[in-house]
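Numbering (my numbering), first residue to last: 516 to 956. Built from N, CA and C at the ideal position, the CB exists for glycine as well. So the structure is just underneath, and the comments pick up after that.
Take a look at the structure:
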């Protein structure tokens, strides 16, 4: 989160909140496609289902915080299915919510903390097709209780004519019954989201509660998968702190400045005033050195993707639209070929970039050790903290919880106990009374 005191931070006013959700059928080999999509559409929140990731696999996207829930691996299976994830812009204030154990669905949740707005609880959900068609609503009930204004988006694997599907499945009927009982609303796009070999239906939609904002929802014929991404836009005016610049400090230049500006001879300190003057002078030199060695760099939110890969992605999207419209098997075959080529080129490109980066490292300028340190260190977000007032999720409440805990730990103990003190005084007085007779042995 940005520091509001930083003069480089500017308040940016937005007039809509955009959420895109998509069932990816695996994200490891779709990095270029996803990055290109995010660069073009710039959704505030991107929800993914069927990530097919394992805990040891890293997945990151520039300019977005990533939260994920990987499906536990069962019976040492060679492949990993399921899994959900949330990508949210780093500029949006939010915190991750740890969901309780779910038995029938998979989900990842966050709370959105917009300035001067009510909180929103956003959940990426995936309901596997073999899930019990009625009991899964028990998990849905737990998810809507995670926080206010729930927005649950993803693949429900449920069909009903209420949202444009050709048939009513048992899971779809149960979802309609459940939403009517709890007072929730189903938001679905007007066109299909999942395309099979000889079928097209709507499986991906959103379920909301206590929401009175204008919205639009559409199915986008982009991103390679048998599911289309769904774009849900709420008309909502809010502000965020937008930091368009960053700084870079040349620490060698910083050190050289201090060497020439600071007199390292021992100081004569004879009073408190001498200490104050010495500290003030040292602090001033540090600030001047940092100012001298630091330059401002304009941030870029664009992610680099090779031009030939971008062109192939455009061709892939056009081919996908043609196949969904004409349903020609030959077009489907061509679509698969293009997707395989994109994966291969992206993998080769990333391997080439990594090889060139590693070959440029050496021990003399310290780049090798810095890279090794970065690769060993895994950045982890601080999870929710349990304090006296319950769980703390946001940064400000976490800081307050830690402060209260430290204050309690380092406060002086009250060692006074009047009854014990009186008893000790009485015993001492009786023991050492001057009037007591002394018996000589």
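Nearest to residue i (by Cα), restricted to the options the options
i	options	result
residue 903	896, 887, 921, 888	921
residue 617	586, 605, 633, 629	586
residue 686	851, 925, 642	642
residue 603	611, 655, 596	611
residue 668	613, 632, 599, 653	599
residue 664	851, 717, 636	636
residue 829	850, 801, 936, 840	850
residue 878	887, 844, 558	887
residue 540	597, 928, 588, 572	597
Exposed unless 16 or more other CB atoms sit within 10 angstroms - verdict on residue i
i	result
residue 946	exposed
residue 766	exposed
residue 568	buried
residue 746	buried
residue 897	exposed
residue 565	buried
residue 548	buried
residue 932	exposed
residue 779	exposed
residue 545	buried
residue 606	buried
residue 662	buried
residue 925	exposed
residue 810	exposed
residue 717	buried
residue 559	buried
residue 791	exposed
residue 781	exposed
residue 944	exposed
residue 571	exposed
residue 789	exposed
8 Å contact criterion, which residue i and residue j should meet: CB distance rounded
i	j	result
residue 620	residue 640	6 Å
residue 708	residue 701	About 13 Å separates the two Cβ atoms, so there is no contact after all.
residue 622	residue 638	5 Å
residue 738	residue 537	6 Å
residue 839	residue 736	6 Å
residue 678	residue 703	4 Å
residue 555	residue 659	Not quite, the Cβ-Cβ distance comes to about 32 Å (not below 8 Å), so this is no contact.
Sub-9 Å separation of residue i and residue j beta-carbons
i	j	result
residue 528	residue 753	yes
residue 797	residue 777	yes
residue 868	residue 824	no
residue 763	residue 749	no
residue 710	residue 741	yes
residue 697	residue 656	yes
residue 900	residue 889	no
residue 820	residue 550	yes
residue 562	residue 578	no
residue 582	residue 625	yes
residue 705	residue 734	yes
residue 743	residue 773	no
residue 689	residue 630	no
Contact with chain C by residue i, beta-carbon distance below 9 Å
i	result
residue 697	Checking the listed chains, one finds no chain C in this structure; it contains a single protein chain.
Alpha helix (DSSP H) runs wholly inside the stretch 838-912, at least 4 long, in chain order: Taking only runs of at least 4 residues, the alpha helix (DSSP H) segments lying wholly in the stretch 838-912 are 844-874, 882-891.
Starting from the N-terminal side, write out each stretch of the alpha helix (DSSP H) that is 4 residues or longer and does not extend beyond the stretch 517-566. Annotation: the stretch 517-566 contains the following complete segments of the alpha helix (DSSP H) (minimum length 4 residues), in chain order: 546-556.
Tell me the start and end of each unbroken beta strand (DSSP E) in the stretch 652-712 that is at least 3 residues and wholly inside, in chain order. Whole beta strand (DSSP E) segments, 3+ residues: 665-670, 699-702.
Which ranges would you report for the beta strand (DSSP E) in the stretch 606-656 if only whole runs of at least 3 residues count? With a minimum length of 3 residues, the continuous beta strand (DSSP E) runs that stay inside the stretch 606-656 are 609-612, 621-627, 635-641.
Where in the stretch 761-795 do unbroken runs of the alpha helix (DSSP H), each at least 4 residues long, occur, reported from the N-terminal end onward? If only complete runs of 4 or more residues are kept, the stretch 761-795 shows the alpha helix (DSSP H) at 766-776, in order along the chain.
Going along the chain, which unbroken runs of the beta strand (DSSP E) with 3 or more residues stay wholly within the stretch 802-834? You should have 809-813.
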